[in-house]
Each structure stands twice: as structure tokens, then as C-alpha cells.
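I have placed the structure first, in the form of C-alpha cells, so that the comments after it can refer back to it.
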Amino acid sequence: MAKEIVINLLAYANAVAKGTRQVEIFPEVASLGVKKVEVRREWIQDFMAELPLMRSKAERLGLEVYYSIPLALFRAGKLERDELRQAFQEAQVLGATRIKFAVGDFNSNSQDELREFKNMVEEYPIMLTVEGDQSAANGKMEPILTFLEACKAAQIPVYSTFDVGNFVWVGQEPLYNAVKLSPYVRYIHLKDVEMTLQGPQVRSLDMGNIDWRAALRLLPQDVPIGIEFPCGDEPRELLIKTIQQIQEAK
């Protein structure tokens, strides 16, 4: 079964750093035969102009859009209401089908916060996932699992984006975490990571120390896989190679 590939625009980080707007990369993504693109909120400079422009471009190219939000849902046990609502509204303008957050400081004893969160999630027809980032505050598996279990118990449709590499930054084993989070995973971020004297470093597939193929075997087989690592000044060749590696992985 062919895997659904998503290009997270982090792949084009060098181009964005030189002034290329994310919408300008959409045709290149489509030319790879990929049908899904993940937009990064932190790279948007003019929301009023860029969000509708990206939506119209994606519709013309037949691209489904995901929206990556580098923010936490909870701070000091309280739901970040304004930020969550703002992100949902931006996603609607963008035409995104999914948004992604970090969990943050979730208090599993606060049923009031969970009820309000449920109301907001159910208000918008957009899948919400949570992911561990590379920080000590938001990167460990246990708080993510606690939150997902609480959402399941409260019948809140929230799921996991599983990043195969990020757990290394917080000293956790990706394969063990894949087993624990697998029931909730609806999206995978794929990268490799090399352990160096300077600490973990993001690498392209098979250029690091992670058994990413084993991770994929432990995770759901029917969820999209996002390529999420910088691919240099000329990303096309590496992206074509990476797509082939993913499709051939067993």
C-alpha cells in the first residue's frame, strides 16, 4: 500500500530564510506528486494576505493543507483559549484540514478546562493533533499520553502527531514511545537524528542513528507521513530520494 506523503515546508528552510514565501513553494511540492503540504505558522509574516493566498493556490494545485502551530495548548494548567481560537480561525481561512500544537502544562484534574477545550474542538471541523517538540517543557511522552488518555475518556477527538526524532532531545527512546502512543497516532513526522559531541543533530533518512523503519512498523500503517527536516539549498533531489525511501520501507 502506497503511503500518503506530506511535505512539511521545513524541507525548504533555506529558501524561506532567503525570503521565499511558503505559497511560492506549493507548485514545487505538487510537482513531486505529493498531495499534502504542511504550512508553518512561525513563517507567516502577513496573515491577512498570506492565508487566503495559500488557500487559493492549494485549491488550484489540488493540495490538502496541514497547519503547524508552535504553541502549547495549556499554560500553568489553564487552556490558552484566545490562542487556540485564533489558530482555529486562521486554519479556516487557510483551508487547513489539520492543526498541530504542543500540549504544554495540562492539569488532568481540571475538568472545567477540559470541558471548555472539548467545546472549542467540536466547534471547528478541523482535526487537532499534539506533538512532542524538542524542549524539556513539551517534549516528553508521559504528559502527551496523559493528555490523550484524558481526551479519550472525555470523548474529545484529539490525536497524536508522532515525531520519530524529537524524543531524542529529551533523552527518551523513540521506539518505546511509538509503542505507547501508537493507538492515538494519526500523523507521523519523519526525520533521522545523529548523536554528536554537540548533541543531537537532525539528519536526512539513514544519515543518523534512529531506526526509523522500525518506528514506522510500530505505528499505524494508514496515516500520512510528513517529511520534516531541512533539505538544503536544492531540496528536490533529496525529497525525491526520501519519498522513495519511505515508499520502499518495510
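Take 2 as the starting number for the sequence shown in my numbering and just add one per residue. Yeah, the Cβ is synthetic: ideal placement off N, Cα and C, and Gly gets one too. Given the structure is predicted, the values throughout are model-derived calculations rather than measurements.
Simplified DSSP assignment, three categories, for residue i
{"i": "residue 130", "result": "strand"}
{"i": "residue 182", "result": "helix"}
{"i": "residue 157", "result": "coil"}
{"i": "residue 1", "result": "Given that the chain is displayed from residue 2 to residue 251, the structure contains no residue 1 and the question cannot be resolved."}
{"i": "residue 243", "result": "helix"}
{"i": "residue 98", "result": "coil"}
{"i": "residue 9", "result": "strand"}
{"i": "residue 202", "result": "strand"}
{"i": "residue 148", "result": "helix"}
{"i": "residue 125", "result": "coil"}
{"i": "residue 113", "result": "helix"}
{"i": "residue 107", "result": "coil"}
Cβ-based burial, residue i [other Cβ within 10 Å; buried from 16]
{"i": "residue 69", "result": "buried"}
{"i": "residue 174", "result": "exposed"}
{"i": "residue 142", "result": "buried"}
{"i": "residue 19", "result": "exposed"}
{"i": "residue 198", "result": "exposed"}
{"i": "residue 55", "result": "buried"}
{"i": "residue 139", "result": "buried"}
{"i": "residue 133", "result": "buried"}
{"i": "residue 57", "result": "exposed"}
{"i": "residue 124", "result": "exposed"}
{"i": "residue 137", "result": "exposed"}
Reference residue i, options the options, closest by Cα
{"i": "residue 23", "options": "31, 36, 45", "result": "45"}
{"i": "residue 166", "options": "71, 230, 37, 193", "result": "193"}
{"i": "residue 155", "options": "51, 122, 50", "result": "122"}
{"i": "residue 224", "options": "199, 197, 183", "result": "183"}
{"i": "residue 61", "options": "27, 18, 147", "result": "27"}
{"i": "residue 222", "options": "11, 236, 17, 187", "result": "187"}
{"i": "residue 66", "options": "144, 48, 41, 131", "result": "41"}
{"i": "residue 217", "options": "132, 71, 126, 164", "result": "164"}
{"i": "residue 226", "options": "189, 212, 234", "result": "189"}
{"i": "residue 74", "options": "102, 171, 98", "result": "102"}
{"i": "residue 39", "options": "47, 137, 71", "result": "71"}
{"i": "residue 131", "options": "12, 147, 236, 231", "result": "147"}
{"i": "residue 195", "options": "205, 210, 185, 228", "result": "210"}
{"i": "residue 232", "options": "48, 208, 87", "result": "208"}
{"i": "residue 201", "options": "10, 84, 171", "result": "171"}
{"i": "residue 64", "options": "135, 51, 97, 50", "result": "97"}
{"i": "residue 160", "options": "128, 53, 191, 135", "result": "128"}
{"i": "residue 215", "options": "228, 230, 191, 204", "result": "191"}
**Message:** Quick check on the DSSP output: what are the complete beta strand (DSSP E) runs of length 3 or more inside the region 15-91, in order along the chain?
**Reply:** 37-41, 65-76
**the region 2-19 in contact with the region 237-248 per 3-pair CB rule at 8 Å** = yes
**Asked** Pairing CB atoms from the region 91-100 with CB atoms from the region 145-153, are three or more of them under 8 Å?
**Response** no
**the region 172-179 touching the region 114-125, judged by at least three CB pairs closer than 8 Å** = no
**Request:** Kindly confirm or deny that the region 73-80 and the region 93-106 touch, where touching means at least three C-beta pairs closer than 8 Å.
**Result:** yes
**Prompt:** Can you find at least 3 beta carbon pairs, one from the region 33-50 and one from the region 226-242, that sit closer than 8 Å?
**Reply:** yes
**Those runs of the alpha helix (DSSP H) which lie wholly inside the region 209-243 and span at least 4 residues** = 213-219
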